[in-house]
Amino acid sequence: MIGNLRAFNAGIIFAIGLGIAGMTRPENVIGFLDVTDWRPALMFVMVGAIAVYSSFFWLVLPRLAKPTHGDKFQIPTSTVVDGKLIIGAVIFGAGWGIGGYCPGPALASLATLSTDALTVVASMLIGMKCQAMFSKK
Amino acid sequence: MSIPFSDQLIGGALIGLASALLMRWHGRIFGVSGIVGALVKSETQDRNWRLSLVAGLVTGGIILRFVYPDAFPSTTGETPLLQLVLAGFLVGFGSVMGSGCTSGHGVCGISRFSKRSIIATMTFMATGAVTVFAVKTFFGHGG
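Protein chains in written order, with my numbering: chain A, 90 to 226; chain B, 16 to 158.
Encoded structure:
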């Protein structure tokens with residue numbers, strides 16, 4: 090129960106960070122990706138996020154034995170750069186450029202109940218489901 | 016605020032903090048596509064923390080609406096529906112196929128110096144840029 094509450098809180102903090110950073114306005118994302126009229130602001134979202142997370146990952150995490158709720162820290166170990174990684178990133182990047190929404194901001198934007206956010210999230214879930222079925226074969 | 020890009024840096028720091036807390040508490044990478052992608056699979060067992068986190072994302076959005084309404088576009092419904100459907104579908108399909116999106120690869124993966132994540136992030140940023148250019152060139156300012 091308390092573990093779920095903590096995950097809930099992490100979600101809240103994440104969404105508020107997205108909002109303050111301007112990630113929940115698709116026009117900012119499009120502006121960041123637009124090489125003809127580049128607005129670099131969102132680069133600094135990554136700078137802030139990576140500064141905090143890499144400090145935690147390299148300085149704090151090695152001192153911890155295990156997570157509060159769980160047996161071990163689950164860090165991806167794969168180093169294989171394959172077609173699935175690249176093609177997936179290409180497809181994701183195309184969708185990101187078309188709409189200006191990546192998954193986190195899309196979900197946070199559900200709070201507005203706008204047709205845009207509802208459409209993007211519904212389509213995103215269908216896309217995820219299709220990929221899950223597609224990769225099973 | 017007077018420091019350049021302070022909003023982006025503070026917002027980014029909160030994103031990093033939330034990601035650190037999820038690793039501290041649940042031992043998991045804060046990758047939104049991975050967390051949500053597992054929810055659409057029938058075999059996923061650990062649904063509760065995932066659903067709680069998604070509920071937190073939406074609740075964070077609700078809080079933003081009250082304290083910082085400028086976080087969201089003031090006008091919506093101007094983007095053609097088909098464009099939004101295509102955008103959402105490709106984002107969902109591609110992020111699950113490529114094992115990550117802006118959060119999992121872009122923030123957590125780059126912080127870990129993961130080769131896969133660095134290559135994935137460069138790839139989706141480059142494709143995103145090409146796509147925005149193509150949309151702008153062929154459809155005017157439709158994006």
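Think of the CB as a built atom: it goes at the ideal place given N, C-alpha and C, for glycine as much as any other residue.
For the ligand NAD, I want to know if SER21(B) counts as a neighbour, meaning its beta carbon is within less than 7 Å of at least one of the ligand's heavy atoms.
What this structure holds is no ligand at all, so the ligand NAD is not there to describe.
Just curious, the alpha helix (DSSP H) that PHE162(A) is in, first and last residue?
Element bounds for PHE162(A): n/a, residue is neither H nor E.
7 Å Cβ shell around VAL122(B) - same chain, five flanking residues per side excluded
ILE30, GLY31 and SER34
Of the residues GLU58(B), ARG127(B) and LEU105(B), which one's Cα is nearest the Cα of VAL141(A)?
ARG127(B)
Suppose the cutoff is 8 Å on Cβ atoms and the five residues either side in sequence are ignored; what does the same chain contact list for ASN117(A) look like?
GLY111, ARG128, ALA130, LEU131 and GLY189
Under the assumption that ILE176(A) contacts PHE104(B) (Cβ atoms under 8 Å), give the Cβ distance between them as a whole number of angstroms.
With 8 Å as the limit, ILE176(A) and PHE104(B) do not qualify as a contact, their Cβ atoms being about 15 Å apart.
Against chain A, which members of the stretch 118–136 of chain B pass a CB distance test of less than 9 Å?
SER118, GLY119, HIS120, GLY121, VAL122, CYS123, GLY124, ILE125, SER126, ARG127, PHE128, SER129, LYS130, ARG131, SER132, ILE134, ALA135 and THR136
For GLY124(B), which of helix, strand or coil comes out of DSSP?
helix
Which word fits ARG152(A), buried or exposed, when buried means at least 16 other C-beta atoms lie within 10 angstroms of its C-beta?
exposed
Quick check on THR94(B): buried or exposed, where buried means 16 or more other Cβ atoms within 10 Å of its Cβ?
buried
For the alpha helix (DSSP H) containing PRO115(A), name the first residue and the last one.
115–122
Can you tell me whether GLY157(B) is buried or exposed? The criterion is at least 16 other CB atoms within 10 Å of its CB, across all chains shown.
Unreliable placement is indicated for GLY157(B), whose pLDDT of 49 sits below 50; no coordinate value is reported for it.
Name the residue from VAL209(A), ALA197(A) and SER203(A) whose alpha carbon lies nearest to the alpha carbon of GLY106(A).
ALA197(A)
Could you check if PRO156(A) is buried or exposed, using at least 16 other CB atoms within 10 Å of its CB as the buried criterion?
buried
Interface residues of the stretch 83–96 of chain B facing chain A [CB-CB below 7 Å]:
TYR83, ALA86, PHE87, PRO88, THR91, GLY92, THR94 and LEU96
SER167(A), buried or exposed, once every other Cβ within 10 Å from all chains shown has been counted against 16
exposed
Taking the alpha-carbon positions, what's the ALA141(B) to VAL69(B) distance?
28 Å
Compute the Euclidean distance between the alpha carbons of ILE25(B) and ILE139(A), then round it to the nearest angstrom.
12 Å
In or out: ALA154(A) buried (at least 16 other Cβ within 10 Å) or exposed?
exposed
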